[in-house]
Structure formats: structure tokens, C-alpha cells
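Numbers 132 to 636, taken from this note's numbering, label the letters of the sequence shown in order.
So the structure is just underneath, and the comments pick up after that.
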Amino acid sequence: MKVQSTTTQQDDHFLISDYDYKSTNIEKNGDKYIAKPQITNFKFKTDTRIPKLGVMLVGWGGNNGTTLTGGILANKFNITWNSKRGTHQPNFYGSLTQSSVIKIGTCNTEEVFIPFKDVLPMVNPCDIVFGGWDISSLNLADAMSRAQVVEYDLQQKLRPYLEKLVPLPSIYYPDFIAANQGDRADNVIPGDNKLEHLNIIRKNIADFKQSNNLDKVILLWTANTERFCVEDPNVHGTAERLMQSIESSHPEISASTIFACAACLEGCSFINGSPQNTIVPGVIELAEKAGVFVAGDDFKTGQTKFKTCLVEYLVGAGIKPKAIISYNHLGNNDGKNLSQESCFKSKERSKKTCVDDILESNRVLYPTEEELNIDHTIVIKYCPETGDSKKAMDEYIAEIFLGGRQTFAVYNVCEDSLLAAPLIMDLLLLCEFFERIQFSKDASEYQRFDTVLSWLSYLMKAPKSESGITTINSLSRQRAMLENLVKVCAGLTIDDNLRLEVRYG
Ligand code: NAI
């Protein structure tokens, strides 16, 4: 696709798009709102050169790590496999960038859609170089068979590729994850000096970058859910205090925070795929100084994605959700880890907050703070027999016209990691893409986006936002935000769905 317009300029390296952003400023006058539409000029400058990207996964030998790595290799080498349902071709279903489309305009009266990945140059997932760490020493072929996610025949066909991949030894702070993980921790960096640990991880990153001749590296935490660290401004509040706390091996510095710091100090963006509070203020300051991004928290895959759709639909229809009861049972290692209360608490928190802003937006349905406090219950049970085929059962009870009740009972079954792997890939591809965008407001100097990459909220259960920016959980708003930004950067018109060109020519 090529955009022909007076508002875009392109050379060999950059695409610059001029965009008049229309918003409405609201002033409150007693009980009246005064709406003042306004226009602000933005320029978006996208570097169209695609870098050689390396990705280091923390928890590489887990269900997500092995499924992602194997799934990409299956696509790269076009590996087919057989099951009782016949022969299967690899695909990227579940990936926003690879398998979803964007409307770019209208041809006569026909709407034209192209793949998300084709609107602007993005890294091809098959070109990513993978590496990473795990506290378990299994090579990725054995780890994939332990995970029991991928069909047996595909596991066998991937074995020659995966058995060569062995995770680097990792940092293991047993106090932060469930005690039941101890039996797999045979690949651990010795000692308890946190500064030494940080330096080893930094060296691992630098070596990986150099030995693979990479332009950039992104780190992503897909290791076990940790308990929340007890956040303290004196320990985690600034970059300096955080570094001092690492030097003194403070007990409330988690392994995930060490990885986040190492990423920042090596000039790499960091993504937290689990719910815990890894990205403490000191990490954000380190990232800011290094000019890299941080994003989190917790992948938004099946149940929560659906929740932020259904609740948005109800509230948008003027129907009042009064209770959401979510049961999960799962038998994979994630479930085993979450069976310890401290780790479950981290997950409960991120699963619970995901509808708050949707409810708060509608003061007709929820005029008081008390009414906003709906029954929202999260239950997670470890049931080994279920394996990675997680079961999620949700009951939504809503109040309708004249005090009536509407109840939805939703049953969701799927291999958890088959949803998570394409989503992780999107996080990595989009994070890399955002590193190539700069913007200028009202002809000011070009600058990069804020350090906390809340543009990726579509993919996060508890999206982290830059301070002062409210979090959006609504799935359609999150997707529209991403799609519109990509279109604006490409110089395309944002779709307001009025379809006037189709109605009136
Ligand atoms: P998993 O338990 O199969 O994999 C985690 C891996 O991390 C294991 O191989 C473990 O040995 C390793 N590990 C633990 N501590 C480590 C450390 N300090 N350094 C390096 N490796 C370490 O779990 P799975 O299913 O792959 O999920 C990973 C994370 O993603 C979990 O926190 C989970 O809650 C989160 N998540 C998963 C979703 C899904 O749909 N699969 C959705 C949302 C979040």
C-alpha cells in the first residue's frame, strides 16, 4: 500500500505524516458542560527500516516460551503435522498484527481491508532471533513435551530445531514464587548477591546481541507469576534508590525487577507478561534515562479479553452489570504456581481491575461509588488433570429494565499458551515498531512516546499507564487506539464509521 497525499512525505528512511488531531475540551460551568472542539497539529515520523530483532524471554522453557518459539519455527520452516483431524499447516491465528485486518478505505462502495502488518513496515516474526533464561535446564524440545500444549506430531517435527536451544541459568528468589517450583530449579545462578546477578544478566544480554549481530533486543518476562514485592519509595522509588537496594541485596527486590533493570541498563525495552509489580518507579526512571520502553502487566488472553468485551457491551447498551463471578481451573505449571496464595493474590488483582473504568464511565447506571463496587469474584483452582487446557467459567448478572435480571454463563476452554504465544509475539513486534516512531506536537522537536508504553494496553490484563493518564480497559477502545495510530502514522484517514462516502458518494 502507498499513500498519495499532500500530508505525507517519504524518503528512503522515514515516512512523515501530518495529522490534525481533533478533540473536545470540556469546561464545567455549575451543572452545565461547555464543549469546545479544538485541533492540534501532530507530525508522526516513522523509521521504515526494519532492524534485526533479538528477543530474550525470561521463562523461556515454560509453556508460553516453548509454544512461542516452536510456533514461529513451524511457520518459518513451513512445518506441517498430522493429527486425527488431518494434516495441519502452521498459521498465526490469534495474532493481531499477522492475522487481523485494518480497513484502509473504500473502493467504489466496497470497503478495502489489508493485514495489520502491511500498513507500515514491521519485523517479520520468522526473522526474530530468540534466546532467554529459565531456572529449569531442559532444552526447548524436552520443555515443549513437558508443557503438553502442542500436538505430539508437531513436537517431533520441531525437536531437531528445539533441542539445540537451551535456556541460560537464571536468578531464582524462591520467596517470590510458589515453593512447589523448587523441584524444577536446576539451572540457577549461584549466590545471593543481587548486584552480581544483575551484572551477569546484563552480560548475557550484551553477549546475545553481539554474537547474533542484532540491531536491538527486547526482554519479556513470561516466567512464573511472582508475589507482589512490598513497594517502598525508599527501596524502589527512584533509579538511584533502586540501584542502592540492588547493591545491598534488599529482600524486596524481585527477580523480575532485576531483569527489568538489566534490560534498561543494556538499552533494551522490557515487557512484563505477569501480574506482579515488577515495573516499580525506579525501573521507569531507568528506562526513561536509557530511552527505552517498559510495558505491562499480565497478558490479556481469553477470559479477561472476553470480560472487557462483554461488560463494555452491557454498559454501552445501558444494562447494569451487578456481579461477575469467574472460576478458573487449570493443570499447567502456571496453575501449580498460582495455587500458592501469595502468587494467586497477584493474579486476582489484575483479573479484578479490568472492568473498573468501563463501569465508572457510566454514571447513569452507577451514580454512587457504592454501586460501582460490584461483586467481582475470582477463583483459580489447580487441577493437574486439566493440563494446559484451561477452563474458565464466568457468570455475569446484570440488572435490566424494571428491575429484571439478565444472566450470562460463559464457558471458555482452550490451550492457554496457544492464545498467549501469538499475543506475546504481537507485544514484541509492536514494541519494536513503537521504537521507530517519533512525534512532534505543534511543530515542536520530535520526541519518542512516553516510557510506559500504554499503547499496548489491548494486549495487557492490567495495563500500566504513564502517571496522570487514566487506564483504558475496554477492548474495542484499546484496539481502535492501536489501529488508528498505525493509520495516522501511515497517513491514512481514521474511520469514524459514518460511511458518508458510501451513503452519499
Ligand atoms: P510456565 O510455568 O509454564 O512457565 C514459566 C517458566 O518460568 C517455567 O519454565 C519456570 O521454570 C520459569 N521460571 C520461573 N522463575 C524463573 C526465573 N526467576 N527466571 C527464569 N525462569 C523462571 O507458565 P506459562 O503458562 O508459560 O505462563 C508464564 C507467565 O505468563 C505466568 O506468570 C502466567 O501467569 C502469565 N500469563 C499466562 C497466560 C497464558 O494464557 N498462558 C495469560 C496471562 C499471563
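Backbone N, C-alpha and C define an ideal beta-carbon position, used for all residues, glycine too.
All of these numbers come straight from a predicted model, not from anything done at the bench.
Using the Cβ count rule (16 or more neighbours within 10 Å means buried), how would you classify glutamate 242? Here the question's residue 242 lines up with position 111 in the sequence shown. By the 10 Å Cβ count, glutamate 242 comes out exposed.
Length-filtered (4 minimum) alpha helix (DSSP H) runs lying within the segment 488-576: Along the segment 488-576, the alpha helix (DSSP H) occurs as fully enclosed runs of 4 or more residues at 500-503 and 547-565, listed in sequence order.
Pull up the CB-CB distance for alanine 310 and leucine 289, whole angstroms please, since I reckon it's below 8 Å. Working through the sequence shown from its first residue, we reach residue 310 at position 179. Working through the sequence shown from its first residue, we reach residue 289 at position 158. In fact, because the Cβ distance is near 32 Å, the residues do not count as touching under 8 Å.
Residues sharing a beta bridge with lysine 176, DSSP: Counting from 1 along the sequence shown, the entry for residue 176 is found at position 45. Ile147 and Gln569.
In chain order, what are the residue ranges of uninterrupted alpha helix (DSSP H) at least 4 long that sit wholly in the segment 394-462? Counting only runs of 4 or more, we get 412-421 and 434-447.
Quick one: Cα of cysteine 485 to Cα of aspartate 142, how far? Here residue 485 refers to the residue found at position 354 of the sequence shown. Here residue 142 refers to the residue found at position 11 of the sequence shown. Straight-line Cα distance between these residues: approximately 42 Å.
Bridge partners - serine 379, DSSP secondary structure assignment: By 1-based counting over the sequence shown, the position of residue 379 is 248. Under DSSP, serine 379 forms no beta bridge with any residue.
Looking only at C-alpha atoms, which of Tyr152, Asn344 and Val366 sits nearest to asparagine 615? Within the sequence shown, the letter at position 484 stands for residue 615. Of the residues Tyr152, Asn344 and Val366, the one whose Cα lies closest to the Cα of asparagine 615 is Tyr152.
Give me the DSSP bridge partner(s) of glycine 217. Position 86 of the sequence shown, counting from 1, holds the residue named residue 217. For glycine 217, which the question treats as bridged, DSSP gives the partners Ser214.
Helix or strand or just coil, what does DSSP make of phenylalanine 339? The residue given as residue 339 occupies position 208 in the sequence shown. The answer is helix: DSSP assigns phenylalanine 339 an H, G or I state.
By DSSP's criteria, tyrosine 164 is part of a beta bridge. Which residues make up the other side? For the purposes of this step, residue 164 is identified with residue 33 of the sequence shown, where counting begins at 1. Paired residue(s): Lys159.
Between threonine 240 and isoleucine 555, how many whole angstroms is the CB-CB distance? I'm expecting something under 8 Å. One-based indexing of the sequence shown puts residue 240 at position 109. One-based indexing of the sequence shown puts residue 555 at position 424. At roughly 39 Å, the Cβ-Cβ gap does not stay under 8 Å, so threonine 240 and isoleucine 555 are not in contact.
Tell me whether glutamine 312 sits in a helix, a strand or coil according to DSSP, three-state version. Here residue 312 refers to the residue found at position 181 when the sequence shown is read from its first residue. Residue state, collapsed to three classes: helix.
Could you check whether the segment 302-309 touches the segment 568-577, counting it as contact only if at least three pairs of C-beta atoms, one from each stretch, sit closer than 8 Å? Taking 8 Å as the limit for Cβ pairs, the verdict is that the segment 568-577 does not touch the segment 302-309.
Secondary structure at glutamate 294, three-state DSSP: helix, strand or coil? On the sequence shown, residue 294 is found 163 positions in, with the first residue counted as 1. Of the three classes helix, strand and coil, the one that applies to glutamate 294 here is coil, per DSSP.
Does DSSP put alanine 269 in a helix, a strand or coil? The residue given as residue 269 occupies position 138 in the sequence shown. Per the sequence shown, the amino acid found at residue 269 is leucine instead of alanine. Leucine 269 falls in the coil class under three-state DSSP.
Taking buried to mean at least 16 other C-beta atoms within 10 Å of its own C-beta, is lysine 334 buried or exposed? Counted from its first residue, the sequence shown places residue 334 at position 203. It is exposed - the Cβ of lysine 334 has fewer than 16 other Cβ atoms within 10 Å.
C-beta contact flag for proline 256 and isoleucine 332 at 8 Å: Mapped onto the sequence shown, residue 256 falls at position 125. Mapped onto the sequence shown, residue 332 falls at position 201. No; because the gap between Cβ atoms is not below 8 Å, this pair is not in contact.
Please report the straight-line C-alpha distance between aspartate 249 and glutamine 140, rounded to a whole angstrom. On the sequence shown, residue 249 is found 118 positions in, with the first residue counted as 1. On the sequence shown, residue 140 is found 9 positions in, with the first residue counted as 1. Roughly 18 Å between the two C-alpha positions.
Local conformation of cysteine 360 per DSSP, three classes: As a position in the sequence shown, residue 360 is number 229, starting the count at 1. In the structure shown, cysteine 360 sits in coil (DSSP, three-state: anything other than H, G, I, E or B).
Give every residue of the same chain whose Cβ lies closer than 7 Å to the Cβ of threonine 517, excluding the five residues on either side of it in the sequence, and list them in chain order. Looking up residue 517 in the sequence shown gives position 386. Counting only Cβ-Cβ distances below 7 Å, and skipping sequence neighbours, we find His460, Leu461 and Gly462.
Using a threshold of 7 Å, is the CB atom of tyrosine 303 nearer than that to any non-hydrogen atom of the ligand NAI? For this step, residue 303 is matched to residue 172 along the sequence shown. Indeed, a heavy atom of the ligand NAI lies less than 7 Å from the Cβ.
For glutamine 220 and threonine 211, believed in contact at Cβ under 8 Å, the rounded distance: For the purposes of this step, residue 211 is taken as residue 80 along the sequence shown, with counting starting at 1. For the purposes of this step, residue 220 is taken as residue 89 along the sequence shown, with counting starting at 1. The beta-carbon distance between threonine 211 and glutamine 220, rounded to whole angstroms, is 6 Å. This is short enough to meet the 8 Å contact definition.
In three-state DSSP terms, what is lysine 334? Within the sequence shown, numbered from 1, the residue matching residue 334 stands at position 203. In the three-state scheme derived from DSSP, where H, G and I count as helix and E and B as strand, lysine 334 is classed as helix.
CA-CA distance, phenylalanine 247 and aspartate 487? The residue labelled residue 247 in the question sits at position 116 within the sequence shown. The residue labelled residue 487 in the question sits at position 356 within the sequence shown. Pairing phenylalanine 247 with aspartate 487, the inter-Cα distance amounts to about 29 Å.
Measuring alpha carbon to alpha carbon, tell me which residue in Cys360, Gly225 and Gln312 is nearest asparagine 431. Translated into the one-based positions of the sequence shown, residue 431 becomes position 300. First, the amino acid is wrong: residue 431 is lysine here, not asparagine. Residue Gly225 is the option with its Cα nearest to lysine 431.
Cβ pair alanine 552, threonine 198 closer than 8 Å: Along the sequence shown, read from residue 1 onward, the residue named residue 552 stands at position 421. Along the sequence shown, read from residue 1 onward, the residue named residue 198 stands at position 67. Cβ atoms of alanine 552 and threonine 198: closer than 8 Å.
Within a Cβ cutoff of 7 Å, which residues of the same chain sit near leucine 550, ignoring the five residues on either side of it in sequence? The residue labelled residue 550 in the question sits at position 419 within the sequence shown. Here leucine 550 has Gly225, Thr432 and Gly433 as same chain residues with Cβ atoms under 7 Å from its own Cβ, once five neighbours each way along the sequence are excluded.
For threonine 697, report the span of its alpha helix (DSSP H) as first-last. For residue 697 there is no data in the structure shown, the boundaries of the chain being 132 and 636.
Could you have a look at tryptophan 191 and say whether DSSP puts it in helix, strand or coil? Position 60 of the sequence shown, counting from 1, holds the residue named residue 191. In this structure, tryptophan 191 counts as coil in the three-state DSSP scheme.
When we look at the beta-carbon of proline 406 and count the other beta-carbons within 10 Å, is it buried (16 or more) or exposed? Position 275 of the sequence shown, counting from 1, holds the residue named residue 406. That one is buried.
Report the option in Val186, Glu501 and Thr508 whose CA atom is closest to the CA atom of tryptophan 264. Here the question's residue 264 lines up with position 133 in the sequence shown. Of the listed residues, the one whose Cα sits closest to tryptophan 264 is Val186.
Grab me the residues of arginine 579's own chain with a C-beta within less than 6 Å of its C-beta, minus the 5 sequence neighbours each way, in chain order. For this step, residue 579 is matched to residue 448 along the sequence shown. Excluding residues up to 5 positions away in sequence, Gln569 lie with their Cβ nearer than 6 Å to the Cβ of arginine 579 in the same chain.
With distances taken from CA atoms, which of Phe565, Val411 and Ile505 is nearest leucine 490? Numbered from 1 along the sequence shown, position 359 holds the residue referred to as residue 490. Nearest C-alpha to leucine 490: Ile505.
Of all the options Asp284, Lys174, Met253 and Ile170, which has the alpha carbon lying nearest to the alpha carbon of glycine 214? Reading the sequence shown from its first residue, position 83 is the one you call residue 214. According to the sequence shown, residue 214 is serine rather than glycine. The alpha carbon of serine 214 has as its nearest neighbour, out of Asp284, Lys174, Met253 and Ile170, the alpha carbon of Asp284.
What residues match up with isoleucine 349 in a beta bridge as DSSP calls it? As a first step, residue 349 must be located in the sequence shown, where it is residue number 218. Beta-bridge pairing by DSSP links isoleucine 349 to Val186 and Ser400.
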